[in-house]
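Everything in the sequence shown is counted per UniProt numbering, starting at 1 for the first residue and increasing by one. C-beta: ideal position from N, C-alpha, C; glycine also.
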Amino acid sequence: MKKIIYGLFFGDSITYGEYDGVFGGWVDILKRYALQQFHEGNGDELILFNLGIGGETTEGLLKRILHELSARNSADGNLVFLSYGANDLAIKDGIQIVDPEKFKNNMSIAIANAKEFPNEIYLVSILPFSQKIDGVVVSSGKKRINQDVVVYNQILKDLAAEHSLGYIDFYSAFLEDKEILLSADGVHPNEKGYGMMAEVAIPIIEKYL
């Protein structure tokens, strides 16, 4: 009997797929791929839910993760992807929105929440920012610094190792070519960037198809 597995993608506007008017972002590319594989008769059914909310930090995640997991809990198992940090590390009015210690604590709680369900959990790295906005206050009043990305990604790597979780390293995939993979705002990927993210992630979801 074929299994029905749910994949839940928590995150911010990059998870949601903002600025990608062609493919709808990396999660939507994966969604279409999983559906195609199922209709071609290749294995189990993997239903993916894009739960990205623009501007969300780990503070917002903690308010909803248990509700979302409860509402979408497959008896055959769930994949949970946690993609946070780009908004947490932003500086507004001279203060980091969610500092590294609080970020680590929030992610630890989210991981504990996800472990209450029969889940495979993946932590997703933060992307590098374009050189043109590195350390620059943009129109939203926020400033993001690439060195902070390194610090927060290390927290994610350490948590993944500590809890034996998967880690998806989009940061390394983008680093060399970030100026051609990011959109004009220097934060969100463009269509090419989202396509690159999907390429990195497809081998992961293929394990469950």
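Legend entry - residue 214, enclosing alpha helix (DSSP H) - first and last residue: Because the chain in this structure spans residues 1 to 209, residue 214 falls outside the shown range and cannot be described.
Legend entry - Cβ separation of K115 and I155, assumed to be a contact under 8 Å, to the nearest whole Å: For the purposes of this step, residue 115 is taken as residue 115 along the sequence shown, with counting starting at 1. For the purposes of this step, residue 155 is taken as residue 155 along the sequence shown, with counting starting at 1. In fact, because the Cβ distance is near 18 Å, the residues do not count as touching under 8 Å.
Inset, instruction - Specify whether the region 69 to 76 and the region 11 to 27 touch according to this definition: at least 3 beta carbon pairs, one from each stretch, less than 8 Å apart. - result: no
Legend entry - Residue-chain proximity (I204, chain C), Cβ-Cβ < 8 Å: Considering every chain present, this structure includes no chain C. It has just one protein chain.
Legend entry - Assigned exposure category for A160 - 16 Cβ within 10 Å defines buried: The count along the sequence shown starts at 1 and reaches residue 160 at position 160. Flag for A160 reads buried.
Legend entry - Nearest-angstrom Cα separation, counted from I111 out to K179: Start at 1 with the first residue of the sequence shown, and residue 179 comes out as number 179. Start at 1 with the first residue of the sequence shown, and residue 111 comes out as number 111. According to the sequence as given, residue 179 is Glu; it is not Lys. Between E179 and I111, the C-alpha separation is close to 32 Å.
Legend entry - Touch test, the region 128 to 139 against the region 42 to 61, Cβ-Cβ under 8 Å, three pairs minimum: no
Legend entry - 7 Å Cβ shell around P118 - same chain, five flanking residues per side excluded: For the purposes of this step, residue 118 is taken as residue 118 along the sequence shown, with counting starting at 1. G77 and N78.
Inset, instruction - Could you tell me the distance, in whole angstroms, from the CA atom of V22 to the CA atom of L127? - result: If you number the sequence shown from 1, residue 22 lands on position 22. If you number the sequence shown from 1, residue 127 lands on position 127. So the two alpha carbons sit approximately 20 Å from each other.
Inset, instruction - Could you check if D148 is buried or exposed, using at least 16 other CB atoms within 10 Å of its CB as the buried criterion? - result: Here the question's residue 148 lines up with position 148 in the sequence shown. It counts as buried.
Legend entry - Y19 (DSSP reduced to helix, strand or coil): In the sequence shown, residue 19 corresponds to position 19, counting from 1. It is coil, neither helix nor strand.
Inset, instruction - Grab me the residues of F141's own chain with a C-beta within less than 6 Å of its C-beta, minus the 5 sequence neighbours each way, in chain order. - result: Within the sequence shown, numbered from 1, the residue matching residue 141 stands at position 141. Here residue 141 is Gly; the residue named in the question, Phe, does not match the sequence. The answer, listed in chain order, is K92.
Inset, instruction - Would you mind reading off the limits of the beta strand (DSSP E) that contains I47? - result: Looking up residue 47 in the sequence shown gives position 47. Segment E45 to G52, the beta strand (DSSP E) holding I47.
Legend entry - Contact set for E120: own chain, Cβ-Cβ below 6 Å, skip 5 residues either direction: Walking along the sequence shown from the start, residue 120 turns up at place 120. These residues qualify, in order along the chain: L79.
Inset, instruction - Starting from F9, follow the alpha helix (DSSP H) in both directions and report where the run begins and ends. - result: Here residue 9 is taken as the residue at index 9 of the sequence shown, counted from 1. Unbroken run through F9 is the beta strand (DSSP E), I4 to G11; no alpha helix (DSSP H).
Legend entry - Reduced DSSP secondary structure (H/G/I, E/B, other) of R72: Counting from one through the sequence shown, the residue named residue 72 turns up at place 72. Coil, per DSSP.
Legend entry - Nearest-angstrom Cβ-Cβ length linking K3 and D44, presumed shorter than 8 Å: If you number the sequence shown from 1, residue 3 lands on position 3. If you number the sequence shown from 1, residue 44 lands on position 44. Confirmed, about 4 Å.
Inset, instruction - Spatial neighbours of N146 within its chain, please: CB distance less than 7 Å, with the 5 preceding and 5 following residues excluded, ordered by chain position. - result: Residue numbering aside, residue 146 sits at position 146 when the sequence shown is read from its first letter. So the qualifying residues of the chain are P128, F129 and D134.
Inset, instruction - Find the nearest neighbour of F10 within the set H39, I205, F38 and T57, judged by alpha-carbon distance. - result: For the purposes of this step, residue 10 is taken as the residue at position 10 of the sequence shown. With distances taken between Cα atoms, F10 lies closest to T57.
Inset, instruction - Alpha carbon to alpha carbon, how far is G186 from G166? Give it in angstroms, no decimals. - result: Your numbering for residue 166 matches position 166 in the sequence shown. Your numbering for residue 186 matches position 186 in the sequence shown. Answer to the nearest angstrom: the Cα atoms are 27 Å apart.
Inset, instruction - Please name the residue, chosen from S183, M1 and I168, that lies closest to L199 on a Cα-to-Cα basis. - result: Numbered from its first residue, the sequence shown carries residue 199 at position 199. Before going on, a small fix: residue 199 reads as Glu here, not Leu. When each option's Cα is compared against that of E199, the closest is I168.
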